[in-house]
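Protein chains in written order, with the working numbering: chain A, 3 to 114; chain B, 290 to 404. The C-beta atom is built at its ideal place from N, Cα and C for all residues, glycine as well. These numbers come from a predicted model, not from an experiment.
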Amino acid sequence: QQQVKQSPQSLIVQKGGISIINCAYENTAFDYFPWYQQFPGKGPALLIAIRPDVSEKKEGRFTISFNKSAKQFSLHIMDSQPGDSATYFCAASRGGGFKTIFGAGTRLFVKA
Amino acid sequence: ETGVTQSPTHLIKTRGQQVTLRCSSQSGHNTVSWYQQALGQGPQFIFQYYREEENGRGNFPPRFSGLQFPNYSSELNVNALELDDSALYLCASSLATGTGGAGYTFGSGTRLTVV
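Below, the structure is given as structure tokens:
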């Protein structure tokens, strides 16, 4: 019940295209859903996050869509750029940010 | 505003030895979490410290232990090292208020190799 399942494992997108990464969770006690971006040799960096009382949040080219009834959320990267090539992790936490659980990650490659 | 710093960046240990990894939290943060990230995998939650007390633990054996100090810096100790402990160990700090989620600020990690 603590798992966060992420798909796909890897994704190749043309420059300018839309990258979509999906996540599903089971524990309805989760109340915070962040996405992290990780480049090789670095720790993950917080990209964007959403709370379950909103269905969508947009920050620049990055959008989270959240479906509370389906217990799913997704990251959309519009106008994908080669610099977006990285590994993306969805995550979920409960009770004020404690014990964040991460998905297995999606390796995104944006072709120039 | 300083970020999260971890030391050392790389470490090689022999099976059966003990290791201590260190982390300095971001200024103003009161919570530190430790994660183990195997190659090609997502970070796995080890434990979290809030106001110097352990506040949640993942599926890791007792030989993984930690401390959080009054200045919110932290240590991760691993005893009786096993080959499978080879991984990137990530420290993350956050400001937990108890009223809503908070994003993590991660350090760049310590790459531990057990031989």
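Compute the distance between the beta-carbons of residue 298 of chain B and residue 400 of chain B, then report whether it is under 8 Å.
yes
Closest Cα partner of residue 24 of chain A within the set A:34, A:10, A:15
A:10
On the DSSP bridge list, what partners appear for residue 355 of chain B?
B:365
Since residue 330 of chain B meets chain A, which of its residues come closer than 8 Å, beta carbon to beta carbon?
106, 107
Secondary structure at residue 372 of chain B, three-state DSSP: helix, strand or coil?
helix
Let me see if you follow: with CB-CB separation under 8 Å, is residue 345 of chain B close to chain A or not?
yes
Would you be able to state if there are at least three C-beta pairs under 8 Å between the stretch 45-62 of chain A and the stretch 19-37 of chain A?
yes
If we define contact as Cβ-Cβ less than 8 Å, is residue 59 of chain A a contact residue for chain B?
no
Using the C-alpha atoms, what's the distance from residue 111 of chain A back to residue 85 of chain A?
9 Å
With 16 other CB atoms within 10 Å as the buried threshold, where does residue 301 of chain B fall?
exposed
If the cut is a Cβ gap below 8 Å, which residues of chain A does residue 300 of chain B touch?
Residues of chain A passing the Cβ test: none, with the nearest at roughly 15 Å.
Alpha carbon to alpha carbon, how far is residue 307 of chain B from residue 349 of chain B?
16 Å
CB contact check: residue 46 of chain A to chain B, cutoff 8 Å:
yes
For residue 109 of chain A, which residues of its own chain have a beta-carbon under 6 Å away from its beta-carbon, when the five flanking residues on both sides are left out?
12, 89
Could you tell me whether any Cβ in chain A is nearer than 8 Å to the Cβ of residue 379 of chain B?
yes
Residue 31 of chain A to residue 311 of chain B span [Cα, whole Å]:
32 Å
Proximal chain B residues relative to residue 103 of chain A, where beta-carbon distance stays under 7 Å:
334
Taking the C-alpha atoms as reference points, what is the distance between residue 96 of chain A and residue 367 of chain B?
27 Å
Please state the DSSP three-state secondary structure of residue 55 of chain A.
coil
Ranges of the beta strand (DSSP E) found wholly within the stretch 304-335 of chain B, counting only runs of at least 3
308-313, 320-326
If the cut is a Cβ gap below 8 Å, which residues of chain B does residue 91 of chain A touch?
331, 332
Taking Cβ positions only, does residue 51 of chain A come closer than 8 Å to chain B?
yes
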